[in-house]
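S.K.: Sharing a structure with you now.
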Ligand SMILES: NC(=O)c1ccc[n+]([C@@H]2O[C@H](COP(=O)([O-])OP(=O)(O)OC[C@H]3O[C@@H](n4cnc5c(N)ncnc54)[C@H](OP(=O)(O)O)[C@@H]3O)[C@@H](O)[C@H]2O)c1
């Protein structure tokens, strides 16, 4: 592990900080960044999977730093920023990926879980961007990749009531920052995956329902989603949705009258027995 990665790009490799890197899309993104020649700072709550991934990526030549953090704690973004500074590391790319959902319904979900969802997927990406973007602008190079969701492009649904609105916020916030930072060398992109094979549906306890409700062709691999996200932020696209079908669904939702679109999504929630 180096003492510092400060310096000009001519004499150092670039470094990406990825939240939620212990599993799924975050781990897949870490592998893509490593293949593309980046060093990495990996963060999540579970040290074990982060250390295993760090060992794997180190073997391919990347310098990897692990910092465990619970982003549900409102103090976590500032702590993470300070932990990076204390190691004299420079963050050239920030990937806001950590996330989860609760599907029991608004009134049935523990308010602490709602607060954690808002903190991890909405406040933490905002705060981490506010902390790391100024340095990127100053250096004239940066990347911010926000992992949102197809759900953020669809009408809100029942059961996981807050999830879609949180992801819509992240898409809009990414678009705004994309415009604001145009010309600074800092690219900002929202990645909007549809159903992706990760631990996500095991964590929210819906694996059986979603597997029987949706055929295999509707599912994408984390590796595919990660590659699409990496390429999109490098190309400075404001937002990207992997998969033709996912784009068709989002297009339908956008062009249908609101009440029809809501009915379409309500049918989805009923099929999953969430409402
Ligand atoms: N899978 C899908 O179908 C899908 C579709 C669209 C969008 N997404 C989005 O993609 C992102 C990644 O999800 P995934 O599918 O890869 O799910 P996953 O396999 O469950 O991974 C979620 C990651 O988030 C981390 N995380 C969760 N809560 C955290 C907390 N309080 N503090 C820090 N890290 C936390 C987890 O790490 P620890 O448990 O170790 O903390 C894990 O690394 C999420 O934002 C999700 O909303 C997923």
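Residue numbers (the working numbering): 8 to 282.
Positions of the beta carbon are idealized from the N, C-alpha and C atoms, including for glycine.
What residue does the beta strand (DSSP E) around residue 253 start on, and which one ends it?
M.R.: Segment 251–262 is the alpha helix (DSSP H) holding residue 253; no beta strand (DSSP E) there.
S.K.: For residue 271, which residues in the same chain have their Cβ closer than 6 Å to its Cβ, ignoring the five residues on either side in sequence?
M.R.: Here the set comprises nothing.
S.K.: Please say whether residue 159 and residue 171 have beta carbons closer to each other than 8 Å?
M.R.: For residue 171 and residue 159, yes; Cβs fall inside 8 Å.
S.K.: How long is the line joining the alpha carbons of residue 211 and residue 204, rounded to whole angstroms?
M.R.: For residue 211 and residue 204, the distance between alpha carbons rounds to 13 Å.
S.K.: Return the chain-ordered ranges of every alpha helix (DSSP H) run that is complete within the stretch 145–217 and spans a minimum of 4 residues.
M.R.: Listed in chain order, they are 170–187, 207–210.
S.K.: Beta carbon of residue 176: closer than 7 Å to some heavy atom of ligand 1?
M.R.: Every heavy atom of ligand 1 is 7 Å or more from the Cβ of residue 176, so no.
S.K.: Within the same chain, show all residues whose beta-carbon is closer than 7 Å to that of residue 208, passing over the 5 residues directly before and after it, in chain order.
M.R.: Taken in chain order, the residues that qualify are 214, 217.
S.K.: May I ask whether a heavy atom of ligand 1 can be found less than 7 Å away from the beta carbon of residue 188?
M.R.: It does not: the Cβ of residue 188 is nowhere closer than 7 Å to a heavy atom of ligand 1.
S.K.: Where does residue 48 land, buried or exposed, given buried means 16+ other C-beta within 10 angstroms?
M.R.: Classification for residue 48: buried.
S.K.: Rounded to whole angstroms, what is the Cα-Cα separation between residue 67 and residue 127?
M.R.: Cα to Cα, residue 67 sits roughly 30 Å from residue 127.
S.K.: In the DSSP assignment, find the unbroken beta strand (DSSP E) run with residue 79 in it and report its ends.
M.R.: No beta strand (DSSP E) holds residue 79; DSSP gives it neither H nor E.
S.K.: Unbroken beta strand (DSSP E) runs of length 3 or more, entirely within the stretch 91–124: which are they?
M.R.: Here the runs fully enclosed are 100–103.
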